Amino acid sequence: MQTLTNTDVTTANLYQAWQALRQAQPRLRARDAAAHLQVSEGELVASRLGVDAIRLRPEWKTLLPALGELGFIMALTRNEHCVHERKGFYRDVTVMASGQMGLVVSADIDLRLFLGGWGSVFAIEEQTDKGVQRSIQVFDRQGMAVHKVFLTPTSNVDEWAPLVAQFRCEEQSADLQLQALPAAPEPVADEQIDVAALRDGWASLQDTHHFFALLKNYGVARTQALRLAGHQWAEPLATSALPELFEQAASEAVPIMVFVGNRHCIQIHSGPVNNLRWMDTWFNVLDADFNLHLKTLSVHELWRVRKPSSDGVITSWEAYDENGEIIVQLFGARKPGVPELTAWRDIAERCPRLEA
1 MQTLTNTDVT TANLYQAWQA LRQAQPRLRA RDAAAHLQVS EGELVASRLG
51 VDAIRLRPEW KTLLPALGEL GFIMALTRNE HCVHERKGFY RDVTVMASGQ
101 MGLVVSADID LRLFLGGWGS VFAIEEQTDK GVQRSIQVFD RQGMAVHKVF
151 LTPTSNVDEW APLVAQFRCE EQSADLQLQA LPAAPEPVAD EQIDVAALRD
201 GWASLQDTHH FFALLKNYGV ARTQALRLAG HQWAEPLATS ALPELFEQAA
251 SEAVPIMVFV GNRHCIQIHS GPVNNLRWMD TWFNVLDADF NLHLKTLSVH
301 ELWRVRKPSS DGVITSWEAY DENGEIIVQL FGARKPGVPE LTAWRDIAER
351 CPRLEA
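Residue numbers (the UniProt record's numbering): 1 to 356.
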């Protein structure tokens, strides 16, 4: 690794503070270390420039397809309460002409990318007790981790150095030019919502992807819409039922879709789940190619949601934190143009509604 072109003393001090923290708590993850040191994870990673990290040019239209050259990788996307890890090949990458949106729709790696909020990207080559760990890590304009790609033991490691050299920034600056998070819109009181029109709009949906536009059209927050939609479309459930749904899907061999995301990336697993494990209050899926780590105590609300579509009613389970932010969303595995799996609907509808 080459030395930094800037000599920011604060950055050097941050790296030293992080290393001291790692000595004291060797199992502490970067996200938690950043919180402890009161910086963003992006700033923490930038402090590694010249040590084991290289800043890359954020040229998403060419960088994202190039990740396919790395072969079999592990893609990681998370939010504050849930981590989604999926192994596979980074293929079938599309970046829209505007550069604001992207898709990865391979059989294994399935992503929805909101590139307008992506900020910086780094290549990291870290020595661990299990050997060298190589990863590409993307951060938003607030320094929050958006998406990470890790090489596996069967990745094309020979393609790593050429990829890093191709996209390496000429100036290895630790200045991320972070921006404040835009203020969230003020919530609209229930009394100001045209509930009848909202329900009519909901009943008229022909595509689940149009749901966000429905919320925007009526000025409602997501959990607010669920409360106002009526039991035909949305029903509250006991939060303890969420792990039970995974267990039922596993025991009955029902393939599911597991969506986890943040403001700028959504990652999807489609297929069975099998190896389910509790670790303290974390519920985990520990399958060969799919891992999920869910902080169950963060699930403040759980809803069964039904949306009409041209393929029939589509049923999902949606978990939210105390701020109304979505943590994880579950569907039966399906493709567009295909009705929902009867087996999925059976287990999704099995849980009784939570009575007020």
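All C-beta atoms, glycine included, are put in the ideal place defined by N, C-alpha and C.
What you are looking at is a predicted structure, and each value in this text was computed from that prediction instead of being measured.
Item: Rounded to a whole number of angstroms, what is the C-alpha to C-alpha distance between phenylalanine 150 and threonine 77?; Value: 11 angstroms
Item: What does DSSP give as the partner residue(s) for leucine 176 in the beta ladder?; Value: In the DSSP output, where bridge partners are listed per residue, leucine 176 has none listed.
Item: Just curious, the beta strand (DSSP E) that arginine 22 is in, first and last residue?; Value: Taken as a continuous stretch (DSSP letters only), arginine 22 belongs to no beta strand (DSSP E), being part of the alpha helix (DSSP H) at 9-24.
Item: Considering only the alpha carbon of each residue, which of Ala238, Phe331, Ala203 lies closest to proline 352?; Value: Ala238
Item: Along the chain, where does the alpha helix (DSSP H) containing serine 251 start, and where does it finish?; Value: 241-251
Item: How is the beta strand (DSSP E) around aspartate 303 delimited, first residue to last?; Value: The displayed chain sequence assigns tryptophan, not aspartate, to residue 303. Segment 301-307, the beta strand (DSSP E) holding tryptophan 303.
Item: Just curious, the beta strand (DSSP E) that arginine 152 is in, first and last residue?; Value: Before going on, a small fix: residue 152 reads as threonine here, not arginine. No beta strand (DSSP E) holds threonine 152; DSSP gives it neither H nor E.
Item: Could you tell me which residues DSSP puts in a beta bridge with isoleucine 314?; Value: Lys307
Item: If we count Cβ pairs, one from each stretch, closer than 8 angstroms, do we get three or more for the stretch 35-48 versus the stretch 127-142?; Value: yes
Item: By the DSSP assignment, the alpha helix (DSSP H) with glycine 201 in it spans what residues?; Value: 195-203
Item: Could you give the first and the last residue of the continuous alpha helix (DSSP H) run that contains valine 164?; Value: 160-167
Item: Helix, strand or coil for valine 328, going by three-state DSSP, please let me know.; Value: strand
Item: When DSSP builds the beta bridges, which residues end up paired with leucine 56?; Value: Val121, Arg168
Item: When burial is assigned at 16 or more other CB atoms within 10 Å of the CB, is phenylalanine 212 buried or exposed?; Value: exposed
Item: Which residue wins for smallest C-alpha separation from proline 336, given the options Ala17, Arg27, Ser309?; Value: Ser309
Item: Report the three-state DSSP secondary structure of glycine 261 (helix, strand or coil).; Value: strand
Item: Whole angstroms is fine: what's the gap from phenylalanine 167's alpha carbon to leucine 63's?; Value: 7 angstroms
Item: Kindly identify the DSSP beta-bridge partner or partners of arginine 86.; Value: Ala75, Phe290
Item: So alanine 46 and alanine 249 are supposed to be a Cβ contact under 8 angstroms. How far apart are they, rounded?; Value: Between alanine 249 and alanine 46 the Cβ distance is about 40 angstroms, and since that is not below 8 angstroms, they are no contact.
Item: Output the distance between the C-alpha atoms of asparagine 13 and glutamine 127, rounded to the nearest integer angstrom.; Value: 21 angstroms
Item: Would glutamate 191 be called buried (16 or more neighbouring beta carbons within 10 Å of its own) or exposed?; Value: exposed
Item: Rounded to whole angstroms, what is the Cα-Cα separation between aspartate 311 and glutamine 206?; Value: 8 angstroms
Item: Measure the Cβ-Cβ separation of glutamate 69 and glutamate 125 and say whether it is below 7 angstroms.; Value: no
Item: For the alpha helix (DSSP H) containing tryptophan 344, list its first residue and its last residue.; Value: 342-348
Item: Return the CA-CA distance between methionine 1 and alanine 123, expressed in angstroms with no decimal places.; Value: Low per-residue confidence applies at methionine 1: pLDDT is 41, beneath 50, and the placement is therefore not dependable, though the value from the model is reported in the following sentence. Their Cα atoms are separated by approximately 11 angstroms.
Item: In terms of DSSP beta bridges, what is arginine 277 paired with?; Value: Asn284
Item: Return the first residue and the last residue of the alpha helix (DSSP H) that glutamate 43 is part of.; Value: 41-46
Item: In three-state DSSP terms, what is glutamine 267?; Value: strand
Item: Taking the C-alpha atoms as reference points, what is the distance between isoleucine 73 and leucine 228?; Value: 42 angstroms
Item: Please report the distance separating the alpha-carbon of alanine 24 from that of glutamine 16.; Value: 13 angstroms
Item: Whole angstroms is fine: what's the gap from valine 146's alpha carbon to arginine 263's?; Value: 8 angstroms
Item: Applying the 10 Å Cβ sphere with the 16-neighbour rule, what's the burial state of aspartate 110?; Value: buried
Item: So, at 7 angstroms on beta carbons, what are the nonlocal neighbours of alanine 253 in its own chain, with the 5 sequence-adjacent residues on each side left out?; Value: Pro272
Item: Is DSSP giving lysine 295 helix, strand or coil here?; Value: strand
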